[in-house]
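Data block below; observations after.
Number of protein chains: 2
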Amino acid sequence: MSDVPIVHTLHWFAWIARGSDAMRRSTAYIFPGVTTVSISADSSLRTDDVERLDSPNAEELRLIDAYWRAANYLSVGQIYLFDNPLLTKPLSAEHIKPRLLGHWGTTPGLNFLYAHLNRIIKRRDRSVLFVTGPGHGGPALVANTYLEGTYTELYPNVTQDTEGMKRLFKQFSFPGGIPSHVAPETPGSIHEGGELGYALSHAFGAAFDNPDLIVACVVGDGEAETGPLATSWHSNKFLNPIRDGAVLPILHLNGYKIANPTVLARISHDELDHLLRGYGYEPFYVEGNDPAKLHAMMAETLDRVMDEIQRIQQVARQNIDPTRPRWPMIVLRTPKGWTCPHEVDGVQVEDSWRSHQVPLSSLHGNADHIRLLQKWMKSYRPEELFDADGRLNVEIADLAPVGDRRMGANPHGNGGLLLKSLRMPDFRKYAVDVPSPGAVNAEATRVQGKFIRDVMRKNEFHQNFRVFSPDENASNRWGDVFDATDRGFVGEILPSDDHISPNGRVMEMLSEHQCQGWLEGYLLTGRHGFFNCYEAFIHIIDSMLNQHAKWLKVCEDIPWRRPIASLNYLLSSHVWRQDHNGFSHQDPGFIDHVVNKKSEIIRVYLPPDANCLLSVTDHCLRSRNDVNVIVAGKQSSPQWLTMDEAIKHCTAGISIWPWASNDQGAEPDVVMACCGDVPTLETLAAVELLRRYLPNLKVRVINVVNLMKLQTPSEHPLGLSDRDFDILFTTNKPIIFAFHGYPWLIHRLTYRRTNHHNLHVRGYKEEGTTTTPFDMVVLNDLDRFHLVEDVINRVPALGAKDAYVKQAVRDKLIDHKQYIAEHGEDMPEVREWVWSGKRSNDSTGN
Amino acid sequence: MSDVPIVHTLHWFAWIARGSDAMRRSTAYIFPGVTTVSISADSSLRTDDVERLDSPNAEELRLIDAYWRAANYLSVGQIYLFDNPLLTKPLSAEHIKPRLLGHWGTTPGLNFLYAHLNRIIKRRDRSVLFVTGPGHGGPALVANTYLEGTYTELYPNVTQDTEGMKRLFKQFSFPGGIPSHVAPETPGSIHEGGELGYALSHAFGAAFDNPDLIVACVVGDGEAETGPLATSWHSNKFLNPIRDGAVLPILHLNGYKIANPTVLARISHDELDHLLRGYGYEPFYVEGNDPAKLHAMMAETLDRVMDEIQRIQQVARQNIDPTRPRWPMIVLRTPKGWTCPHEVDGVQVEDSWRSHQVPLSSLHGNADHIRLLQKWMKSYRPEELFDADGRLNVEIADLAPVGDRRMGANPHGNGGLLLKSLRMPDFRKYAVDVPSPGAVNAEATRVQGKFIRDVMRKNEFHQNFRVFSPDENASNRWGDVFDATDRGFVGEILPSDDHISPNGRVMEMLSEHQCQGWLEGYLLTGRHGFFNCYEAFIHIIDSMLNQHAKWLKVCEDIPWRRPIASLNYLLSSHVWRQDHNGFSHQDPGFIDHVVNKKSEIIRVYLPPDANCLLSVTDHCLRSRNDVNVIVAGKQSSPQWLTMDEAIKHCTAGISIWPWASNDQGAEPDVVMACCGDVPTLETLAAVELLRRYLPNLKVRVINVVNLMKLQTPSEHPLGLSDRDFDILFTTNKPIIFAFHGYPWLIHRLTYRRTNHHNLHVRGYKEEGTTTTPFDMVVLNDLDRFHLVEDVINRVPALGAKDAYVKQAVRDKLIDHKQYIAEHGEDMPEVREWVWSGKRSNDSTGN
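Residue numbers (this note's numbering), protein chains in the order written: chain A, 1 to 846; chain B, 1001 to 1846.
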């Protein structure tokens, strides 16, 4: 392998101490690229004299209220109306949608916050991204981005007039229209309001390396009960106030979920305050139900909070002191469904769980309810808000920021706009020298780690690459990355700690949810990253992967959504090598899970050795809008391909390994296919046994790196053509397929292929416990001896030798069991096995 | 449907107010069955005079320390030794295992806690269950259960003498032995130490309805970073101090994960204290590294904590006041790897991340390390602990409790011992009256909810059935359950709340992790339950399901583990009806996930109507050691089978529907198979179109309720024989299969079947957004028109009509798109479609 120079990245303080040149460099490090301007402006303020801006006067508050009413009016309109958007005619059944879909409950609170944040942005000229945690906030974000103009810019057909307002209303939760949640279709959004729990993780991921950005993240009190959200408050221990932006969590207590009160709304103020301080925040409370009072309180609170964020950042940045501050947050307590009819049919609706969806249902044939809806909508006094053509009155419209400062137009909300390609080292330089197949051993992920280390180094200036791992980075043998950076942690650091500093770019918290959420937020705002995880436990984020994959799928059909960097997984410490951990750590099913997602965005790679892993890793880091799953072992294993061979193999995704095959110039008697590092090893060991026992047998060895190649092109864009598949696998010979994962998956991927009825797959069968490496494959019948038996069972009569060979391999398995029961390790013939064949030069069959 | 009498279960206070007779009943309700005796004893104590027990004297502390040293000695022995268990000979390489697997880091802390809990149990005669949160605590729990004698009782070969000790050591993390984590093999355990995060949820699940039980739950500070653990602290808002037992969380701060410090160990004492109080606990701190001091502190603290638990329970129970108390908890801060060599090769190991696994590795060929290991083991002074035969000295052994009071023998740790079958109402009484197929509509899950309501009622006395749901119980239309019980919540309850009380048996927190964890804890301690969830979001607990399924699989091979009640899921609000929610709520892949688990324990049911759902539900509640997944819609839908037909259909799991078929007495031209309620509806609608367009076509309709029937008996114990499969599906006719989930699954389950090459499956394809119900199936090509087209494309030439029929169905799809774009609902011909066929009496083909 080529030598890559190793420069130890020093901890912050040591780095600063290097003097003015280093200082200059560190300034660039902190405030790279696009963000320089506004930070420089901030830096001119004195730390002890943060600019205090006046509280808004009554007229300003009146206008904010009008803006809020306009958003509320548009939200109700979206849920209910088909026509008559300005209520110029008395409301009647024909104006009302036949099916009422959508959610009002959280909407007025979101509208309230959006209006107040608009004021702050405009007044302070700050870049604010809005993350909508509550699940059902679609109407609010659509209404607000429409009011500020971004909606019409992106969807020109939805004009800012009566006709456009009618379209805005009709399209909501309507066939061919938009979903009822905040979604990829919503301008300025990086967070789907579907599955709950990831808002804060996404917000922090967005704030990392964006020192000028403030992410206002609304956390619903329903969402707050989820596990991922509960731990994501701790993200503040990983946010560096110098290098990163700010997250402003806004816990919105409206008291109810679908049919239940929420936990955080029903604990005492004292307990809640303890909890939030325990999480490390300084809570500011805005509580009540009188809009006038709340407007004044919220305006003043936001001013104080923004002052505090500014002060924190100034102190940290001027003193170059990344000590974790006590970041401010807001608790907003307002009634659920605020401003909707308080009672309907004698039952309380506002401020109860009954306002969660549509406060008024069954309108058709119910004149009273239609009258109530009209009264509700008129309570916002639309005639004061919109002119006769449906245009927002100018003095109200002026409250919104302009251009990219509008939260619906913030470029971080469409991260592809900001995406810069990574500077990439040449992956070939990290190649393992493989003089002949199996001649050397290497730890594949350790080799990969050196490459990742240099990706980290090469992009230090742009600060747009991070690695995320639930404390498994070292265990998965990416330790060399710590030559280029540290683990990021903003807290007490002890001398005995290993590569930990506030400037680290490896994010390790023992929460797969947090790692995934941070990484998604980081990618969605236009940066790059890798998730390094144990294979078994990546299932913890199955459901998050679903949501991200759905997001990507929808984005591909939205012209204004620009491509983002792919979501890259390294899954190591995989199912076949869990010597310490046993059965609980064995599950290769994440592959099955991801291949259920839309094929256009799914890629699964199982490189058989280090050089293939390098080639695949390089490809993944350059790809866009994909989900790339790489499964690779960390243990020392035989290396098979030279770098040149590896590049060809990985580019093709599937190849015959001529040096392992002996069917050149003849029809093979059997195809031995393998996918995954351990199955490849066992297949090659089986091939050697076959050469010894059955030297006349013609064996073709095929290795699969890119699992998607097995599917037909109609199922996956990378699928092998039927003709190419038939050429490789023949149309009528037995195929013995050794697979890393559950065997079904191979059947599923190949069931349309000509020769699939001759396919016999061995893989993981949920059999495993504490074992030696070889015993693990024996337990699952994936070992070399079983593979030999498979060949004998499936190749038409090989003559009288069959019975003797079967007995010989059976005896080997009994030898093995006896040996390990006594010695606790694999028998020497297995442990010390090496591929004896050489790479032949006439491998083309000539 | 038969009428079931509805008795409204009153809230606690109202109930009590009914007078002496009600009081008597309520007492039984609080303290049912087995628990009466000790509660009565407790009740004789005065509330204001809780018995204060003396602190232990120096001699007692000396013995506790000896017990701790013995456990530590045995733990180190398990990790390292092959032979020479009592170190009677100088330690040499041949005594040391060839591969060192296991984890020391958390072990001494667990041993410390176990010893102190033993004292408390013995002194107070309390029933304590030990839940080991830290992932790698296997050596500790094995050592302690060996010391107390339970290990030898369950594994007679591992005797309490030198020979047994040698076996104990050798078997640990050894082929054919036991895993390195706490596992099903570990006596007294209900919690696998594999994937982290669920310890507290399991502990609370165990404590529910066990008023006499104290669950001591050690939470590792690594585990504490996970999302599920972070939210599970809030379980105290759902624990009724009258009816339920106590959970004593012990947060063990040893400071490090695999390679990182932990978050909670690196925040200030003040922040940590705020956090734990914010979660609602009263923390007691035991911190230090001097064993002598810590023994005294821990003994005193445990006395205080146990007094406090006793006081809380007495106050609540005597005053019949379930107000949430501030439960005590313990924070134990000790060095990671405590008592192992402080330095190895000049590097700090004790009290650092380096002691996480094996503090001394590479012993073979390293005489220094071997000497260090010997010194380490001798530091526990084994000669003071064990006699020459390897027996624990009597005065030390006497510290352990006896019989079922030993934590390794607590029957709650082997819940099957305590399991009582549910009292079951006759599910046939809830039948929907179906005069002819499709003649009536019903909401299947609402009907099921009435049955569940009465299961709840019938088992009120035994208090051994609960329902768990992330706030989706009402949405999934089990609202009738609230006629029998309430939602459980121990906190502020407002008049506008809907069926909420501290006595409720429906557990709703917006955390799938919490619901799953509670339910697992409840089942593992011998009770029954149901998880009611949205289909899409059950993926959130994919990984927890993995762990539970692995637990069940391993238990089947452990003779002393008694069967427990099955883990039952209702998945509703399913992929085909997400009108409010759209794409983010659509994922039918949980089925794919579960069928990867060991087939013996997996069952998947897709009942097509309410009567089938009733039959399946009854079966699931009676089953043992299974994971039952039921997928059923909540929307009003046509009903197909009478109860009698439903019982036959569900018992068979798969049947021809003769009344929908017209191939009686002839070979079918095509088999139309369906699985799931919406696919069944579309298939029947397609059959009617075929009857109209192609009246001579012979169609056989097959419905699948039990998905596992599709597999061969070699793959699943419930699989249909090949002969039966061929009889149903023919060996050569086209099969059009309409499936609820991802189509691949059907291919995967049937790939071994004769006729699988004629199988064409339609299912969910990751295409969906806000739609009308029919448009959802159209988007995925699962609609009746596509099914008709499939038949035409696959049945050999039907004559000149083909082209006309294809054009007719194509035109229908265009009609549909135009209609919904304008009206926002399905066209009347679809919306109002009903099956026109009657049930024929000659359906047997005669």
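Cβ coordinates follow ideal geometry from the N, Cα and C atoms, glycine included.
For my contact list, residue i and residue j are in at a C-beta cut-off of 8 Å; report their separation, rounded to the angstrom.
i       : j       : result
B:N1628 : B:N1568 : 5 Å
A:H369  : A:L363  : 5 Å
A:L524  : A:G415  : 5 Å
By how many angstroms is the C-alpha of residue j removed from the C-alpha of residue i?
i       : j       : result
A:I39   : A:L213  : The pLDDT assigned to A:I39 is 30, lower than 50, so where the model puts this residue is not dependable; a value taken from the coordinates is nonetheless given after this. Rounded to whole angstroms, A:I39 to A:L213 spans 10 Å at the Cα level.
B:G1390 : B:G1177 : 21 Å
A:I30   : A:P211  : Below a pLDDT of 50, predicted positions are generally treated as unreliable, and A:I30, at 34, falls in that range; no measurement from the model is reported.
A:V455  : A:S475  : 20 Å
B:M1827 : B:H1816 : 6 Å
B:R1025 : B:E1460 : With a pLDDT of only 35 at B:R1025, under 50, the local geometry of the prediction cannot be trusted, and the value read off the model is given with reservation. Those two C-alpha atoms are separated by around 11 Å.
B:G1589 : B:E1350 : 45 Å
A:R324  : A:K237  : 7 Å
A:A17   : A:R487  : With a pLDDT of only 34 at A:A17, under 50, the local geometry of the prediction cannot be trusted, and the value read off the model is given with reservation. If I take the Cα positions, the gap works out to 21 Å.
A:K257  : A:K336  : 9 Å
A:I814  : A:I746  : 29 Å
B:L1294 : B:E1287 : 7 Å
B:V1834 : A:R762  : 47 Å
Run through chain A and tell me which residues come within less than 7 Å of residue i, C-beta to C-beta.
i       : result
B:E1766 : K553, K597 and K598
B:P1228 : G227
B:K1550 : F583 and S584
B:H1364 : Correct list: empty, because the minimum Cβ distance to chain A is about 11 Å.
Starting from residue i, follow the beta strand (DSSP E) in both directions and report where the run begins and ends.
i       : result
A:C620  : It is not in any beta strand (DSSP E) - A:C620 instead sits in the alpha helix (DSSP H) that spans A610 to R622.
A:N461  : The displayed chain sequence assigns Phe, not Asn, to residue 461 of chain A. Neither: A:F461 is in no beta strand (DSSP E) and is coded neither H nor E.
A:R62   : A:R62 -> not in any beta strand (DSSP E); alpha helix (DSSP H) instead, spanning A58 to Y80.
A:R762  : L759 to R762
B:R1691 : Per DSSP, B:R1691 belongs to no beta strand (DSSP E); it is in the alpha helix (DSSP H), D1677 to Y1693.
Closer than 7 Å by beta-carbon distance: list the chain B residues that pair up with residue i, in chain order.
i      : result
A:G824 : K1097, P1098, R1099, F1174 and P1175
Which residues in chain B sit within 9 Å of residue i, going by Cβ to Cβ distance?
i      : result
A:D592 : G1589, D1592, H1593 and N1596
A:G491 : P1261, V1263, R1266 and I1267
Could you check where the alpha helix (DSSP H) with residue i kicks off and where it finishes?
i       : result
A:L392  : It is not in any alpha helix (DSSP H) - A:L392 carries neither H nor E in the DSSP assignment.
A:V834  : Looking at the DSSP string, A:V834 is not in any alpha helix (DSSP H), and its letter there is neither H nor E.
B:M1165 : T1162 to Q1171
B:P1108 : T1107 to R1124
What residues of chain B sit near residue i, judged by a beta carbon separation below 8 Å?
i      : result
A:R453 : Per Cβ cutoff of 8 Å: no residues; A:R453 is ~16 Å from chain B at best.
A:A474 : I1258 and A1259
Below 9 Å on C-beta distance, what does residue i contact in chain A?
i       : result
B:S1235 : Under the 9 Å cutoff, chain A gives no residues; its nearest Cβ is about 10 Å from B:S1235.
At a CB-CB cut-off below 8 Å, which residues of chain A make contact with residue i?
i       : result
B:M1509 : E225 and V263
Complete runs of the beta strand (DSSP E) confined to the stretch 237-283 of chain A [at least 3 residues]: 246-253
Entirely enclosed alpha helix (DSSP H) segments - the stretch 1505-1539 of chain B, minimum 4 residues: Taken in chain order, the complete alpha helix (DSSP H) segments of 4 or more residues contained in the stretch 1505-1539 of chain B are 1512-1524.
Whole alpha helix (DSSP H) elements within the stretch 1557-1611 of chain B, 4-residue minimum: 1590-1595
Minimum length 4: unbroken alpha helix (DSSP H) runs contained in the stretch 1131-1217 of chain B: 1138-1148, 1150-1154, 1162-1171 and 1199-1207
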